[in-house]
Amino acid sequence: MVARRAEKNMDGRLEFLEKDIRELKLDDGELRSDIGELKGVVGQLSEDIGAMREYMKELTGWMRSGGMANPPAEQARASTSSGEEGGSATMAVNNSGNGPTPNGWDTWFYRMEIPLFNGEDPHGWLFQLERYFHIQYVDEAERVVASVIRLEGKVLNWFRWLESRSGSISWPFFKESVMQRLCSSQTGNHYEALIALQQDSTVAEFREKFELLLAPFREADKEFLIGAFSNGLAKEVKAEVHMVRPTSLVQLMDLTQKIEEKNWALERPQVLRTTRSKTSGDWVGNFRQGTSFG
Numbered sequence: 002m003v004a005r006r007a008e009k010n011m012d013g014r015l016e017f018l019e020k021d022i023r024e025l026k027l028d029d030g031e032l033r034s035d036i037g038e039l040k041g042v043v044g045q046l047s048e049d050i051g052a053m054r055e056y057m058k059e060l061t062g063w064m065r066s067g068g069m070a071n072p073p074a075e076q077a078r079a080s081t082s083s084g085e086e087g088g089s090a091t092m093a094v095n096n097s098g099n100g101p102t103p104n105g106w107d108t109w110f111y112r113m114e115i116p117l118f119n120g121e122d123p124h125g126w127l128f129q130l131e132r133y134f135h136i137q138y139v140d141e142a143e144r145v146v147a148s149v150i151r152l153e154g155k156v157l158n159w160f161r162w163l164e165s166r167s168g169s170i171s172w173p174f175f176k177e178s179v180m181q182r183l184c185s186s187q188t189g190n191h192y193e194a195l196i197a198l199q200q201d202s203t204v205a206e207f208r209e210k211f212e213l214l215l216a217p218f219r220e221a222d223k224e225f226l227i228g229a230f231s232n233g234l235a236k237e238v239k240a241e242v243h244m245v246r247p248t249s250l251v252q253l254m255d256l257t258q259k260i261e262e263k264n265w266a267l268e269r270p271q272v273l274r275t276t277r278s279k280t281s282g283d284w285v286g287n288f289r290q291g292t293s294f295g
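So for the sequence shown, the numbering used here puts the first residue at 2; every next one is plus one.
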């Protein structure tokens, strides 16, 4: 009887063992399937990375050549989709007759938008336009049309008047007109703002504000710019600058940041000692008054 019970227990254990083995086989089959799918994803990802590397090589070569030839995205479209039309409203128009670039690594060229313009900072706006049109390979004949779409407010009203008076407007004439209309009245304000600018925080923030005001002054006298920057510095920085007398604006800007970093390094131990002394004094005073802590 004992032998029968042992045999029965053994059969039960074998049955459970066989069940576990079947489940393991099923799990192994699913795992192999998942691994196969994962290999496929990794393979596709490797192909995409390879395509991106090839494109970046072409793009680097194009940029080093000075952008004289069509960018790689333009060349790819010219060879594969030379009759297509259409595209996003934010995409610059060009006369190649090609439609928008297909989805892929070259689409990043066409995700940029022409900035809106309401009359503020005409130098900066025209600078951005020139960069945008160069990268997008937009012909001069179409640059005015693309730019006018982004005008707003009083500047748009001014352009309507200019167009009614001048008729056809070329790109050089458009840029010259914008400069004459909007920059001549702002030059005095820019000079005043540049001279009046004062450091009220860090040198880095002061430098950033100064550089924003520098855009209209491409031909400004070097000594004037050095003097304007020095005049706006905090006293403790200005005093050390006068002892060195840098010969260029960039040298002056770099020097002031190094001076400020040195001053911070010297002041830090003093601040820590003052803080510790104050904390210790407060603790002793509270202790003498019988104040409990915590």
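Glycine residues also receive a C-beta, built at the ideal position from the N, C-alpha and C atoms.
Exercise for the section: Taking all protein chains shown into account, decide if residue 172 is buried (16 or more other Cβ within 10 angstroms of its Cβ) or exposed. Expected result: For the purposes of this step, residue 172 is taken as residue 171 along the sequence shown, with counting starting at 1. Buried.
| query | Where does residue 25 sit, in a helix, a strand or coil, going by DSSP? | reply | Counted from its first residue, the sequence shown places residue 25 at position 24. Residue 25 carries a helical assignment under DSSP once its states are collapsed to helix, strand and coil.
Worksheet item: Going by DSSP, what residues sit across from residue 152 in a beta bridge?
Response: To locate residue 152, count along the sequence shown from 1; it is residue 151. Note: residue 152 sits in a beta bridge opposite 118.
Practice problem: Using 10 angstroms around the beta-carbon of residue 123, count the other beta-carbons present and answer buried if the total reaches 16, otherwise exposed. | Solution: To locate residue 123, count along the sequence shown from 1; it is residue 122. When all chains shown are included, residue 123 counts as buried.
Kindly list the residues whose CB is nearer than 8 Å to the CB of residue 16, restricted to its own chain and excluding five residues on each side of it in sequence; keep chain order.
Numbered from its first residue, the sequence shown carries residue 16 at position 15. Within the same chain, residue 16 has no close Cβ partners at all.
Taking residue 225 and residue 254 to be in contact with their CB atoms under 8 Å, please state how far apart those CB atoms are, rounded to whole angstroms. Looking up residue 225 in the sequence shown gives position 224. Looking up residue 254 in the sequence shown gives position 253. With a Cβ gap of about 15 Å, residue 225 and residue 254 do not count as contacting.
With DSSP as the reference, label residue 247 as helix, strand or coil.
Working through the sequence shown from its first residue, we reach residue 247 at position 246. DSSP places residue 247 in coil when its eight states are reduced to three.
Taking just the CA atoms, how far does residue 164 sit from residue 151? The sequence position of residue 151 within the sequence shown is 150, counting from 1. The sequence position of residue 164 within the sequence shown is 163, counting from 1. Roughly 16 Å separates the two Cα atoms.
Could you tell me the boundaries of the alpha helix (DSSP H) in which residue 229 lies?
-> Counted from its first residue, the sequence shown places residue 229 at position 228. Unbroken alpha helix (DSSP H) run through residue 229: 223 to 233.
Using CA coordinates, which residue listed in 114, 166, 234 and 222 is at the minimum distance from residue 197? Translated into the one-based positions of the sequence shown, residue 197 becomes position 196. Of 114, 166, 234 and 222, the residue nearest in Cα terms is 234.
Starting from residue 133, follow the alpha helix (DSSP H) in both directions and report where the run begins and ends.
Within the sequence shown, residue 133 is the residue found at index 132, counting from 1. That run of the alpha helix (DSSP H) goes 123 to 137.
Original post:
residue 215 and residue 194 look like a contact to me (Cβ under 8 Å); what is the Cβ gap, rounded to whole Å?
Top reply: For the purposes of this step, residue 215 is taken as residue 214 along the sequence shown, with counting starting at 1. For the purposes of this step, residue 194 is taken as residue 193 along the sequence shown, with counting starting at 1. The Cβ separation is near 11 Å, so there is no contact.
(Q) With a threshold of 8 Å on Cβ separation, who are the neighbours of residue 258 within its own chain once the five nearest residues in sequence on each side are excluded? (A) Walking along the sequence shown from the start, residue 258 turns up at place 257. The residues are 204, 205 and 208.
Note to self: Quick check: is the beta carbon of residue 56 nearer than 8 Å to any beta carbon in chain C?
What the structure shows: Absent here is chain C; the protein component of the structure consists of one chain.
query = Considering only the beta carbon of each residue, do residue 228 and residue 183 sit closer than 8 Å?
reply = On the sequence shown, position 227 is the one that residue 228 refers to. On the sequence shown, position 182 is the one that residue 183 refers to. No, the pair does not count as a contact, with Cβ atoms beyond the cut-off.
> Are residue 250 and residue 176 closer than 8 Å when you measure CB to CB?
Replying inline: As a working mapping, residue 250 is identified with position 249 in the sequence shown. As a working mapping, residue 176 is identified with position 175 in the sequence shown. Cβ atoms of residue 250 and residue 176: not closer than 8 Å.
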